[in-house]
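Colleague:
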Amino acid sequence: MLVIEDSRIRKATWNDIRECVYIITQLIPIGRVVSYKAIAKTLGISPRSVAIALSKNEKPIVIPCHRVVHASGKIGGYTPHGQEFKKRLLSIEGVDVKDHRVPKEYFMDNELVELLL
DNA sequence: ATTTGCTCAGCTC
DNA sequence: GAGCTGAGCAAAT
11 MLVIEDSRIR KATWNDIREC VYIITQLIPI GRVVSYKAIA KTLGISPRSV AIALSKNEKP
71 IVIPCHRVVH ASGKIGGYTP HGQEFKKRLL SIEGVDVKDH RVPKEYFMDN ELVELLL
């Protein structure tokens with residue numbers, strides 16, 4: 011991932027990555043979901059890094075990290091309060107989590123990539 | 001459904 | 001620097 015600062019291109023720092031991940035996460039509307047992979051693609055970094063960024067999240071509720079799940083539909087993690095809490099948050103927002111899986115119709119990976127690329 | 005190998009940024013020593 | 005740890009992924013089994 012590269013960023014532009016003072017008209018120069020430089021490698022993104024950890025802070026840059028976190029900032030971008032948080033901003034994108036906040037773009038996800040209520041009742042929808044995206045995968046780590048989709049965010050990684052828009053930023054040009056690895057999915058693993060996105061997960062790390064979210065895990066180090068300092069504002070667990072302001073940053074809706076519960077709307078980010080595995081590409082396969084599996085729930086993923088939610089360190090502050092555990093998977094169960096994450097599931098509960100999602101169902102409150104209208105996402106029907108079936109058997110530790112979120113159905114593909116809730117995903118907006120394509121829209122996100124199309125929007126930001 | 002489960003295992004396996006790959007990945008890459010942070011943390012520890 | 002070297003080695004370990006993940007809120008992951010994709011392919012093979």
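So in my numbering, spot 32 of the first sequence is number 42, and the numbers just go up one at a time. Cβ atoms here follow ideal geometry from the backbone N, Cα and C, with glycine treated the same way.
1. Taking DSSP as the reference, what is the three-state secondary structure of L12?
2. Short of 6 Å in beta carbon distance, which residues of its chain neighbour I34, apart from the five on each side in sequence? Order them along the chain.
3. With DSSP run on the structure shown, which of helix, strand or coil describes I27?
4. Among S59, I55, P70 and P90, which has the Cα closest to the Cα of Q36?
5. CB V44 to CB L122, shorter than 9 Å?
6. If you pair each beta-carbon of the segment 95-108 with each one of the segment 23-30, do three or more pairs fall below 8 Å?
7. Please say whether S65 and G87 have beta carbons closer to each other than 9 Å?
8. Thinking C-alpha only, which one of Q93, I62, I40 and V60 is nearest F117?
9. With distance defined between alpha-carbon atoms, name the residue in L53, S82 and V78 nearest to I38.
10. Note down, in chain order, each residue of its chain lying with its Cβ closer than 7 Å to the Cβ of N67, except the 5 sequence neighbours on either side.
Modeller: Reading from the atomic positions:
1. Along the first sequence, read from residue 1 onward, the residue named residue 12 stands at position 2. Strand.
2. In the first sequence, the residue the question calls residue 34 occupies position 24. The answer, listed in chain order, is I49.
3. The count along the first sequence starts at 1 and reaches residue 27 at position 17. DSSP places I27 in helix when its eight states are reduced to three.
4. For the purposes of this step, residue 36 is identified with residue 26 of the first sequence, where counting begins at 1. It is P70.
5. Here residue 44 corresponds to residue number 34 of the first sequence, with the count starting at 1. Here residue 122 corresponds to residue number 112 of the first sequence, with the count starting at 1. With a cutoff of 9 Å on beta-carbon distance, V44 and L122 are scored as near each other.
6. In this structure the segment 95-108 does not touch the segment 23-30; the number of beta carbon pairs closer than 8 Å is below three.
7. Taking the first residue of the first sequence as position 1, residue 87 is located at position 77. Taking the first residue of the first sequence as position 1, residue 65 is located at position 55. Yes, the Cβ-Cβ distance between G87 and S65 is below 9 Å.
8. Residue mapping note: residue 117 aligns to position 107 of the first sequence, counting from 1. Taking only the C-alpha atoms, the option nearest F117 is I40.
9. For the purposes of this step, residue 38 is taken as the residue at position 28 of the first sequence. Minimum Cα distance to I38 is reached at V78.
10. As a working note, residue 67 is residue 57 in the first sequence. Same-chain partners within the cutoff: I73 and C75.
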